[in-house]
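K.L.:
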Amino acid sequence: MKNRKLKLIISLALALAASCDDPETIVTNIVHPDGTITRKIEMRNLENKFELSHLQVPFDSTWEIRDSLEISEKGDTTWVKRAEKLFESVEELNRQYASDSGANKDIARHAEFGKKFRWFNTEYDFNEIIDKKMKYGYPVSDFLNQDELKWFFTPENLKSEKKNGSDSLRYRVFSDTVDKKLERWYLKNIVSEWIGEFSILTDGKADNGMDKETLKKRENEFVSIVEQDSEHFDSLWTEGALLREFLGEANALKYKTEADSAAIIATDRFWVSFKPYTLRTVMPGRLTGTNGFVDSAGILLWPVNSDYFLSEQYKMHAESKIPNVWAWIVSGLFILFVFTGIILRKKRKG
Numbered sequence: 037m038k039n040r041k042l043k044l045i046i047s048l049a050l051a052l053a054a055s056c057d058d059p060e061t062i063v064t065n066i067v068h069p070d071g072t073i074t075r076k077i078e079m080r081n082l083e084n085k086f087e088l089s090h091l092q093v094p095f096d097s098t099w100e101i102r103d104s105l106e107i108s109e110k111g112d113t114t115w116v117k118r119a120e121k122l123f124e125s126v127e128e129l130n131r132q133y134a135s136d137s138g139a140n141k142d143i144a145r146h147a148e149f150g151k152k153f154r155w156f157n158t159e160y161d162f163n164e165i166i167d168k169k170m171k172y173g174y175p176v177s178d179f180l181n182q183d184e185l186k187w188f189f190t191p192e193n194l195k196s197e198k199k200n201g202s203d204s205l206r207y208r209v210f211s212d213t214v215d216k217k218l219e220r221w222y223l224k225n226i227v228s229e230w231i232g233e234f235s236i237l238t239d240g241k242a243d244n245g246m247d248k249e250t251l252k253k254r255e256n257e258f259v260s261i262v263e264q265d266s267e268h269f270d271s272l273w274t275e276g277a278l279l280r281e282f283l284g285e286a287n288a289l290k291y292k293t294e295a296d297s298a299a300i301i302a303t304d305r306f307w308v309s310f311k312p313y314t315l316r317t318v319m320p321g322r323l324t325g326t327n328g329f330v331d332s333a334g335i336l337l338w339p340v341n342s343d344y345f346l347s348e349q350y351k352m353h354a355e356s357k358i359p360n361v362w363a364w365i366v367s368g369l370f371i372l373f374v375f376t377g378i379i380l381r382k383k384r385k386g
């Protein structure tokens, strides 16, 4: 999703398309009623390459690790590495994240577990959360409607099925529409981030009209300036043409250093170095709420890629409940006792 032409231009960096050496990774959390969590990681690769520093999620020698080789009917080979560990608490799982030295070590991730007794039921709440990268970005919901948001968060394999299915033309047109809106979202985010950082660097020394509030009011103007000649963004920025048009000749020259520094900060936050994976969760009892998808095995899943936590926190949420059988029995016996007492009292009076 992030390898579009516009993003390549405004990032001023190499594309971060997933390497062929990166394994396809699925992480599964099995949440138990007592708060313990069994975490399973399955990594598949065409080569036997599973360098810990290149992997999407952390594990170490304390895990139970199994390696295998699978051969398809066509003779294709797939190397598979599976790792499993029982975590005594969500805090222990978070310590594993904190010690991550893999490919996504710079991304702040943590899990949360909650348990509430409600007499007839015990309710469970489990979240995996990734902190946002940008300070001044806009929520993607500001740019997409509900149907488009659903498409945005849909796993890529499900998107491909729809775009190659019986109604492929409609979904391809719809996907293109979403992509165009996302390009606008990308650009608004990086301009907003640049304005925020530029305002900090020039605070107290900039002339009137250079404060954050004034620049924010002209944000759409700056976005339009970039969009008019986005193919030459790199050279226009380097030569100072964009700054001159937005800030004026004098300010563009006077604050060139601050503008360049703000651009570096903004693009670093915008261009997230992240290797995607899939997260699955199995909750105790009956599922009652989630923002995830359900796979063919009936298990909750979320795709995890950097677009989802670019400008807002990405929270993968699930709720469930287990009936407290003893509470139903006690309540039933109590009701029976009360009714029996009422009936006996009436008989005595009669």
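Numbering (the working numbering), first residue to last: 37 to 386.
For glycine and all other residues, C-beta sits at the position ideal for the given N, C-alpha and C.
Model, not experiment: these values are computed from the prediction.
#1: Determine whether the beta carbon atoms of glutamate 100 and glutamate 120 lie at a separation below 8 Å.
#2: Which of the three DSSP states is assigned to isoleucine 335 in this structure?
#3: Can at least three beta-carbon pairs, one atom from the segment 242 to 260 and one from the segment 182 to 195, be found at a separation below 8 Å?
#4: Just to confirm before moving on: does the CB-CB distance between isoleucine 226 and threonine 274 stay below 8 Å?
#5: Which runs of the alpha helix (DSSP H), 4 residues or longer, sit entirely within the segment 208 to 275?
#6: Compare the beta carbon distance of alanine 139 and serine 89 with 8 Å and say whether it is the shorter of the two.
#7: Between the segment 168 to 184 and the segment 125 to 140, do at least 3 Cβ pairs fall closer than 8 Å?
#8: Measure the C-alpha to C-alpha separation of threonine 74 and serine 125 and round it to an integer number of angstroms.
#9: According to DSSP, simplified to helix, strand and coil, what is tyrosine 291?
#10: Tell me the rounded alpha-carbon separation between lysine 198 and glutamate 184.
#11: Assign asparagine 36 to one of three DSSP states: helix, strand, or coil.
#12: So what's tryptophan 99 in DSSP terms, helix, strand or just coil?
#13: Output yes or no for whether 8 Å exceeds the beta carbon distance between methionine 352 and leucine 315.
#14: Answer yes or no: do lysine 357 and tyrosine 160 have a C-beta to C-beta separation smaller than 8 Å?
#15: So the alpha helix (DSSP H) alanine 144 belongs to, where does it begin and stop?
#16: Label phenylalanine 188 either buried or exposed according to how many other C-beta atoms from any shown protein chain fall within 10 Å of its C-beta, with 16 as the threshold for buried.
#17: Opposite glycine 328 in the DSSP bridges: which residues?
#18: Which same chain residues end up closer than 8 Å to isoleucine 165 when comparing Cβ atoms and leaving out the 5 residues on each side of it in sequence?
#19: Suppose contacts are defined by Cβ-Cβ distances below 8 Å. Is leucine 289 in contact with valine 262 by that definition?
#20: Can you find the residues in the same chain that come closer than 8 Å, C-beta to C-beta, to serine 260, ignoring five residues on each side of it along the sequence?
#21: Can you check which of these residues, Ala134, Lys152 and Lys76, is closest to aspartate 70 by C-alpha distance?
#22: My guess is that tryptophan 230 and alanine 298 are in contact by the Cβ rule of under 8 Å, so how many angstroms apart are they, rounded?
#23: Output the boundary residues of the beta strand (DSSP E) element that contains valine 116.
#24: On a CA-only basis, which of His268, Phe282, Phe269 and Glu106 is nearest leucine 251? Give me that one, please.
#25: I believe phenylalanine 162 touches valine 67 by the beta-carbon criterion, under 8 Å. Please report the beta-carbon distance rounded to the nearest angstrom.
#26: Does lysine 199 come out as helix, strand or coil in the three-state DSSP assignment?
#27: Can you list, in chain order, the residues of its chain whose CB lies under 8 Å from that of lysine 406, leaving out five sequence neighbours each side?
#28: Compare the C-alpha of valine 214 against each of Leu180, Gly201, Tyr344 and Gln264 and name the closest.
#29: Would you give the residue range spanned by the beta strand (DSSP E) that aspartate 161 belongs to?
#30: What residue does the alpha helix (DSSP H) around lysine 186 start on, and which one ends it?
#31: Is phenylalanine 345 near lysine 168, with beta carbons less than 8 Å apart?
#32: I need the boundaries of the alpha helix (DSSP H) containing leucine 91, first residue and last residue.
#33: Measure from the alpha carbon of leucine 336 to the alpha carbon of each residue in Met319, Asp343, Tyr313 and Ser347, then state which is nearest.
#34: Verify whether the separation of the beta carbon atoms of threonine 317 and alanine 354 is less than 8 Å.
P.N.:
So, to answer that:
#1: yes
#2: coil
#3: no
#4: no
#5: 248 to 253, 255 to 264 and 269 to 275
#6: yes
#7: no
#8: 10 Å
#9: coil
#10: 14 Å
#11: No answer is possible for residue 36: the residues shown for the chain start at 37 and end at 386.
#12: coil
#13: yes
#14: yes
#15: Unbroken run through alanine 144: none, as it is neither H nor E.
#16: buried
#17: According to DSSP, which records beta bridges pairwise, glycine 328 is partnered with nothing at all.
#18: Arg145, His146, Ala147, Glu148, Gln349, Tyr350, Lys351 and Met352
#19: no
#20: none
#21: Lys152
#22: 5 Å
#23: 113 to 123
#24: Phe282
#25: 5 Å
#26: helix
#27: Lying before the first or after the last residue shown, residue 406 is absent from the chain, which here runs from 37 to 386.
#28: Leu180
#29: 157 to 166
#30: 182 to 188
#31: yes
#32: Taken as a continuous stretch (DSSP letters only), leucine 91 belongs to no alpha helix (DSSP H), as it is neither H nor E.
#33: Met319
#34: yes
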